[in-house]
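Residue numbers (the UniProt record's numbering): 1 to 126.
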């Protein structure tokens with residue numbers, strides 16, 4: 001994979017994730033780990049599982065898309081690892097949670113308890 005983003009070795013990935021100590025997510029590609037770069041910058045490291053059904057092509061597509069798409073509401077791709085079977089994407093870490101958490105939290109605040117009248121309560125007449 002050609003990229004202007006930083007290429008990390010597998011040993012650097014191991015070092016930044018403290019040997020994959022803390023899992024922060026699990027998806028179709030594989031597990032996501034928290035990591036710390038030498039500059040004390042927190043990152044999320046997405047490792048491609050060798051048993052992933054989505055595979056290397058989707059992994060490449062995601063990496064290539066994130067090299068050209070930049071938006072304030074999208075995490076930035078900081079780098080990658082591509083050593084034989086070892087594939088990883090290194091993203092900026094979002095400290096305030098992910099989109100699903102924010103959407104679900106917003107949905108919960110929109111749900112208003114329904115008041116269902118009981119048989120004893122008078123019903124409104126129209």
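From the three backbone atoms N, C-alpha and C, an ideal C-beta is built for every residue, glycine too.
Query                                                                                            : Result
Cβ pair residue 21, residue 89 closer than 9 Å                                                   : no
Three-state secondary structure assigned by DSSP to residue 35                                   : strand
Own chain residues within Cβ distance below 8 Å of residue 94, not counting five before or after : 44 and 75
Distance, residue 61 Cα to residue 34 Cα                                                         : 22 Å
Residues sharing a beta bridge with residue 42, DSSP                                             : 36
Selected residue, minimal CA-CA separation from residue 59, among 14, 68, 87 and 8               : 87
Among 29, 91 and 71, the one whose alpha carbon lies nearest that of residue 55                  : 29
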